[in-house]
Amino acid sequence: MRTPILSTQQKRYYASSLYRQNENEAAEYTLSPTTYQVVSGYKNQKNKLTEKKIKMKKSFYYLLMLMLAFTLAACGSADTPTEEVVEEEPTQVLENEEPTDEPEPAATEEEAAPATQEGEDNMLAKVRERGVLKCAGNEGLVGFGFRDPDSNDIVGFDVDFCKAIAAAVFGEGGADKVEVIPTTGTTRFTVMQSGEADVLIRNTTWTSSRDTDLGLDFGPTTFYDGQGMMVRADSGIEMLTDLDGASVCVQAGTTTEKNLADVVNALEIDVDSQVYEDNASTVAAFSEGLCDGFTTDKSGLVATQTTFDNPADYVILEETMSKEPLGPAVNHGDNNWGDIMMWSTYCTMQAEESGVTMDNVDEMLETDNPVIKNFLGVDSTFGEAMGLSTDFCYQIIKQVGNYGEIYDRHLGPDTPIKLARGINAMYTEGGLIYSPPIR
Ligand SMILES: N[C@@H](CCC(=O)N[C@@H](CS)C(=O)NCC(=O)O)C(=O)O
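Take the sequence shown: its position 394, counted from the start at 1, is 461 in my numbering, and no numbers get skipped.
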């Protein structure tokens with residue numbers, strides 16, 4: 068058997084306890100050889116390409132050095148500094164203005180004018196005028212975005228990040244000014260493109276094509292995920308290769324659909340993929356026995372499993388088929404709106420790192436800690452450059468909580484989902500959740 072070669076990062080990623088429902092389970096995550104083959108197969112191909120590129124680069128450099136040597140020989144010795152000829156741009160002198168040789172002092176960070184957008188595309192002004200933030204979301208995924216049958220409200224981890232942005236935009240009481248527009252895997256993008264929603268927060272994977280072709284700008288990843296496969300416990304299927312000749316239920320318009328095709332190809336197995344429009348019909352088809360497997364993000368599998376009458380009748384295979392960084396996104400066109408999405412999300416992460424919670428945020432206003440003072444807006448101007456009030460991050464934490472609180476509320480140990488933090492722990496705890504400095 069081929070010896071698997073995984074980079075340290077890949078090992079860490081695949082070995083993460085992200086998908087364990089019970090943190091007390093053995094910390095060691097063993098991978099089946101199939102995963103290694105899938106991963107190392109891609110890696111070998113990549114290495115070959117990289118080697119080729121390095122060779123090409125080397126020959127290019129040799130050529131360049133040869134040319135340089137000729138040039139130097141022709142123009143003089145290497146240690147004679149050649150004078151650089153700079154073509155001077157004629158300086159334009161405005162009327163009544165004394166020409167000066169003094170260079171214009173660069174604006175300091177404090178003095179720089181806010182880069183907020185004016186005109187039609189000013190999303191902040193538009194949302195404030197409307198009085199409600201429209202968020203393209205999910206109503207079919209327990210834990211992330213789900214219609215609560217008691218309140219009829221759409222609630223979940225993703226929805227709380229919509230609330231965080233609304234708290235930033237509207238201030239006190241703002242977290243309630245959110246309208247979640249339910250979307251499917253396919254309609255989420257059209258809803259954004261038509262401008263019906265201001266932000267997309269619906270377990271959406273950040274990919275290059277969504278960022279460029281679909282014109283979205285992604286914010287910080289709020290949940291690092293990967294695609295998995297669920298099968299019936301009594302099916303005898305233990306690894307992906309056992310699915311040869313089987314059928315798999317998958318949802319339309321998702322990365323899942325494409326990854327499945329890639330993995331099936333890489334493993335050289337024959338799988339009949341049956342595509343459904345939303346999670347409910349995909350799951351219904353699977354539980355009625357129309358497919359042998361059901362594939363989606365592992366978080367989605369874990370969450371969906373908790374909704375089955377007998378969750379123990381189903382198992383999630385250990386293999387992880389892809390990288391699925393899930394997070395918020397806005398349309399291209401208004402960078403300031405993107406900044407608002409970004410720093411509202413990072414605010415929740417920085418607050419967790421600094422130990423600022425919904426309960427202690429008021430006391431924290433009195434702290435001497437400069438980091439906390441800065442992001443809570445105590446004697447700082449954080450927020451102003453985005454057209455927000457300086458206490459916008461305080462408002463988020465006060466009304467919605469920090470990242471850890473949001474996670475625990477919807478996915479944590481006291482919920483049916485019980486998803487261990489795994490790689491979604493703070494970087495200080497060995498995870499990937501990390502806010503750039505707020506200063
Ligand atoms: N992260 C993937 C998959 C997202 C996705 O749509 N997942 C499904 C399965 S968990 C879902 O949320 N369905 C809910 C629904 O359609 O009601 C993507 O961005 O394409």
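No residue lacks a Cβ here, since even glycine has one placed at the ideal position from N, Cα and C. These numbers were taken from a predicted model, which means no experiment stands behind them.
Asked                                                                                                                      : Found
Rounded straight-line distance, which links the Cα of K440 to that of N326                                                 : 44 Å
Straight-line Cα distance separating N270 from N189                                                                        : 26 Å
M425 and I464 closer than 9 Å at C-beta                                                                                    : yes
V331 versus G422: straight-line alpha-carbon distance, rounded                                                             : 44 Å
Heavy atom of ligand 1 within 8 Å of Q318 beta-carbon                                                                      : yes
Of the listed residues S340, A370, D220, nearest to P480 (C-alpha basis)                                                   : A370
Outcome for T448 when other beta-carbon atoms lying within 10 angstroms are tallied against a minimum of 16                : exposed
Continuous beta strand (DSSP E) stretch holding N398: start and end                                                        : 396-398
Per-residue burial, L357 [other beta carbons within 10 Å of its own, 16 or more giving buried]                             : exposed
Cβ of N346 within 9 Å of any chain D Cβ                                                                                    : Within the model displayed, chain D is absent; a lone protein chain is all it includes.
Minimum length 4: unbroken alpha helix (DSSP H) runs contained in the stretch 313-368                                      : 322-334, 346-354
C-beta contact flag for I232 and G204 at 9 Å                                                                               : no
Check whether P392 and D329 have beta carbons under 9 Å apart                                                              : no
Simplified DSSP state of E263, which is helix, strand or coil                                                              : coil
Range of the contiguous beta strand (DSSP E) that encloses F442                                                            : That residue, F442, is in no beta strand (DSSP E); its alpha helix (DSSP H) goes 437-443.
Secondary structure of F449, DSSP reduced to three states                                                                  : coil
Cβ neighbour criterion (16 or more within 10 Å) applied to R197                                                            : exposed
Residue span of the alpha helix (DSSP H) that contains G405, given as start and end                                        : 402-420
Beta-carbon proximity check, I505 vs Y381, cutoff 9 Å                                                                      : no
V397 versus L281, E206, D339, residue with shortest Cα-Cα distance                                                         : L281
Distance between beta carbons of G210 and Q318, contact taken as under 8 Å                                                 : Rounded, the Cβ-Cβ distance is 16 Å, inconsistent with contact.
Cβ separation of A235 and I500, assumed to be a contact under 8 Å, to the nearest whole Å                                  : With 8 Å as the limit, A235 and I500 do not qualify as a contact, their Cβ atoms being about 19 Å apart.
Under 9 Å between C-beta atoms of G450 and W410                                                                            : yes
Residues of its chain near D458, where Cβ-Cβ distance is below 8 Å and the 5 sequence neighbours each way are ignored      : G238, L443, G444, G450
Validate contact between the stretch 281-290 and the stretch 212-219 using beta carbons, cut 8 Å, 3 pairs                  : no
Neighbourhood of T495 by C-beta, 7 Å cutoff - its chain only, sequence neighbours within 5 removed                         : E420
Under the three-state DSSP convention, the category A487 falls into                                                        : coil
Sub-9 Å separation of K575 and V428 beta-carbons                                                                           : The requested residue 575 is not part of the displayed model; the chain covers only 68 to 506.
F211, DSSP secondary structure in three states                                                                             : coil
Whole-angstrom distance between E433 and R61, CA atom to CA atom                                                           : What is shown of the chain runs 68 to 506, which leaves residue 61 out entirely.
Any non-hydrogen atom of ligand 2 within 8 Å of F375 CB                                                                    : The ligand content of the structure shown is limited to ligand 1, which means ligand 2 is not among them.
9 Å Cβ cutoff met for N346 and G367                                                                                        : yes
Residues near M416 in its chain [Cβ-Cβ closer than 6 Å; skip 5 each side]                                                  : Y470, I500, S502
Inter-residue spacing [alpha-carbon to alpha-carbon] between L283 and G360                                                 : 31 Å
Assigned exposure category for N436 - 16 Cβ within 10 Å defines buried                                                     : exposed
Chain-order list of residues whose beta-carbon lies under 7 Å from that of G312 (same chain, five-residue window excluded) : D337
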